[in-house]
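Notes for the one structure printed next.
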Amino acid sequence: MAASTPFLVRALKKSPWVFHVGTSGCNNCDIEIADCLTPRFDVERFGIKLVGSPRHADVMLISGPVSRACKEPLQQAWLEMPEPRAAVMVGSCACSMGAYRDAYSVAGPPDKVLKEVDPDAKYIYVPGCPPKPETIVMGVVKLLGAL
Amino acid sequence: MKAPSSRRVVQIGPFHPLLEEPVGFALAVEGETVVDVDARMDYIHKGIEILAQQRTYDMLPILLERICGICSVTHSVCFCNAAEDLLGIDIPPRANYIRTIIGELERVHSHLLWVGLAGHFIGYNTVFMWAWKYREPVCDVFEMLTGHRQNSALPMVGGVRRDIPEKYFPEAQKTLDMVEGKVKMLTDAVLDDPVLKARLKGVGVLTPQEVMDWGVVGPTARASGVDTDVRRDEPYAAYGELDWDVCLTENGDVFDKAVVRLLELQESIKILRQCFDNMPKGDLNLGMLHMPRGEGIGRYEAPRGEDIHYLRSNGTNMPERLKVRAPSYTNVASFKASCLGEKISDVTITLAACDPCYSCTERTAVVRGTDDQPERTFGDLVRLSQAETRRVADEMGRPHDLQLT
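Protein chains in written order, with the working numbering: chain A, 1 to 147; chain B, 1001 to 1405.
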C-alpha cells in the first residue's frame, strides 16, 4: 500500500475532499451532511468539498449501520480511496448501531466492517441522532488535527 | 420492436453523491431513449418491522421515527393513529394541535429540501442553495419548539409526550412569515422562468389513469389532478377543524409537481399560523394505556403521500405485527410509467420528481439480477441533465451562468 508521507498528510489537511457513503441509515444524517454544504454552514470555505467518487476523496463520511447489502460496496469504496485516508462515523448508528443493534439485516458497525479489509483504518466518531451540522464540521476538523 | 442488441443497460448507483441514499437503478436505453427501468432497493433494508415486534408500545414511536429522517413525525404519528384506531379513543385536543404543528413543520422543511434537490438536478444550483438556506430557519423553529431539529420524540399512543412552549410562538410566526415570503419568491421565479418551462413541461408525465393504475399518492398524484389527500379525506390530528385547501394542478409533468409542492408549502404555513393562534389548553395525553387484542390501521399524509401503518395486537405490551406501507413504495413503481420514452438526460429529474425516499420504502425487497453492463454513475446523469438545461437556455438565447457540477 502506498505510504502516507508527511507531505501527503499536510496536503490533505489543506483541503480535505470528502466522499459520503450512506450505509442504510435513516437518511437524517445524510441530510445533515448535505446541510453542511449549504449557505449557513458552507464548509467549502474551509476547502472541504463533497466529491462524487471515492477515488477523488481523502475523507469518507459514513452514516448508518452497515446492512448486509451495503457491506461489500462500502469495503470496495474504502479500498478505492487513495492513502492517506480517514473516515468520520456520522451519527449514533455509525458509532454504535443505535436503534438497529438487534436488527437481523445489519452486518455490523462501519468501524468493524472497515477493519476487516484495512486494519489500519483511521476514523473518528461523531455521535448524535442526527448530529447537528456544526458537530459534523467539528468532527472533520478534529480528525484533521489528529492525523 | 427493435432487436434487443440495440439496447444497452445503464447502471446507476448504488452510491451516488447527491441523493444521499444507496439505491440502484438499471435503465435500458435505445439510443437516448429509455425503454425500461428497474430498481434494486435493498441496500438500506434495516428490518424495522421485526424490531418493532420486540419493542413495547411506549418505545415504538421512538424507533419508528428512525424509519426515515425526513418523515420522522410521519411514521410515529401514523403508528399512533393505528394504535388509537385499535383502542377506539380520541386524544386530547391540545395533543392534536401539537401533532399538526410538528407534522406541518416537517412538510415545510421536506418540500424545501425537494425544491433544492430538484434545482440542483437541472443545474440551477442557486435554487439549491436558496431552498436549503430557507430550510434552516424552519429546522430552527422545530428545534425551538421540540428540542431537536428533526426527531421530536413527541408523539405517543394517546397523545404527545411533552408540551411545546407557547412563549416561542411569536418568534416561530415571524420566522415562518419570512419563509413564506421567500417561498412566494421561489414560486414566482419558477412560474415565470421560460427556461424552466421549456425544460420541465411535458417531461415525465403521469396521466390520471396511470396515477390510478400505479397507486401513486401524495403531491405526485395531485400534480396529475387526482384529488387525494388523507388530511381532508380522513382527518386526523386537528386538520378537520382548520381552514386549508388541497392544491391541485393538471398536467402531471415535472413542472406541475414542483408547482404543487410550492403551493403546498404556502398552505402548510397557513395551517401552522392557525394552529399557533387557536392552540387549545388542556391535557397532553391519556397516560399509559393497556392495548387490547385487535387490529388497527393508521393513515397519515406524509410530505410524499399517504403513509399506512397496520397494527395487530395480541394483548401483550408488544405488537404482534406492524406493517409499514410508505408513500414512496408506490411512487417509485410509477417510474415504469413516467420514465419510459423519456430522454436519458430527463430521467434524473423524473426520478427525483416523486421525491423518492428509500429509507421509508425498503421494508421488503425483491431483487432481480441485472447484467453487467457499462456503468454510469448518478453524477454522470446529473451532469447530462444539467447540460440539457444549458442547451435549452442557449437555444432560447437567454443569458445564463449555468455551471456543470
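Using N, Cα and C, we set each Cβ at its ideal position, and we do this for glycine too. Quick caveat, the model's predicted, so the values are computed rather than measured.
Residue i vs residue j beta-carbon contact at 8 angstroms
i	j	result
A:K14	A:G47	yes
B:D1307	B:T1074	yes
A:I33	A:I124	no
B:N1285	B:V1183	no
B:R1236	B:Y1300	According to the sequence provided, residue 1236 of chain B is Tyr. The question's Arg does not apply to it. Yes.
B:S1338	B:T1330	no
B:T1336	B:V1037	According to the sequence displayed, residue 1336 of chain B carries Lys and not Thr. In contact: B:K1336 and B:V1037 (Cβ atoms closer than 8 angstroms).
B:I1271	B:T1100	yes
A:A69	B:Y1097	no
A:T23	A:P110	yes
B:S1328	B:A1387	no
B:V1034	B:V1347	yes
A:M89	A:V140	no
B:A1039	B:V1332	yes
B:T1187	B:A1223	no
A:A121	A:K115	yes
B:K1133	A:R40	yes
B:N1251	B:V1205	yes
B:W1114	B:R1261	yes
B:I1091	B:G1158	yes
B:G1298	B:D1085	yes
Buried or exposed by the 16-neighbour rule on C-beta atoms within 10 Å, applied to residue i
i	result
A:R85	buried
A:A146	exposed
B:G1218	buried
B:N1317	exposed
B:G1305	buried
B:L1051	buried
A:V117	exposed
A:R45	exposed
A:L12	buried
A:P6	exposed
B:G1031	exposed
A:K142	exposed
A:M81	buried
B:E1106	buried
B:V1367	Any reading at B:V1367 is ruled out, since the residue's pLDDT is 33, under 50, leaving its predicted position unreliable.
B:T1126	exposed
B:R1231	buried
B:K1046	buried
Nearest-angstrom Cβ-Cβ length linking residue i and residue j, presumed shorter than 8 angstroms
i	j	result
B:L1200	B:D1253	7 angstroms
B:S1076	B:P1137	Contact doesn't hold; Cβ gap of about 24 angstroms is too wide.
A:S105	A:S67	5 angstroms
A:P133	A:C36	5 angstroms
A:N28	B:G1069	2 angstroms
B:A1172	B:V1141	5 angstroms
B:V1195	B:A1353	With 8 angstroms as the limit, B:V1195 and B:A1353 do not qualify as a contact, their Cβ atoms being about 17 angstroms apart.
B:S1268	B:V1108	5 angstroms
B:T1207	B:K1257	Contact doesn't hold; Cβ gap of about 14 angstroms is too wide.
B:E1049	B:L1322	6 angstroms
Alpha helix (DSSP H) segment containing residue i, residue limits
i	result
B:G1305	Per DSSP, B:G1305 belongs to no alpha helix (DSSP H); it is in the beta strand (DSSP E), 1305 to 1314.
B:G1287	Neither: B:G1287 is in no alpha helix (DSSP H) and is coded neither H nor E.
B:G1047	Per DSSP, B:G1047 belongs to no alpha helix (DSSP H) and is neither H nor E.
B:G1181	1169 to 1192
A:G108	Run containing A:G108: none in the alpha helix (DSSP H); it sits in the beta strand (DSSP E), 106 to 108.
A:K71	68 to 80
B:V1254	1254 to 1277
B:V1203	No alpha helix (DSSP H) holds B:V1203; DSSP gives it neither H nor E.
B:C1078	1072 to 1087
A:K13	6 to 14
A:I33	28 to 35
A:P133	133 to 146
B:F1335	1335 to 1338
Beta-bridge pairing of residue i - partner residues as DSSP gives them
i	result
B:V1115	In the DSSP output, where bridge partners are listed per residue, B:V1115 has none listed.
B:I1062	Its beta-bridge partners do not exist; DSSP assigns none.
A:H20	A:L61
B:E1104	None, per the DSSP bridge assignment.
B:D1038	B:A1026
B:M1156	B:G1159
A:K115	Partner(s): none; A:K115 has no beta bridge.
B:T1146	BP columns for B:T1146 are empty, so no partner.
B:T1033	B:E1030, B:K1343
A:K49	A:W17
Unbroken beta strand (DSSP E) run spanning residue i, endpoints
i	result
B:L1322	1319 to 1325
B:G1298	1293 to 1302
A:M89	86 to 90
A:I124	123 to 126
Any non-hydrogen atom of the ligand ZN closer than 7 angstroms to residue i Cβ
i	result
A:G128	The ligand ZN is absent from the structure shown, which contains no ligand whatsoever.
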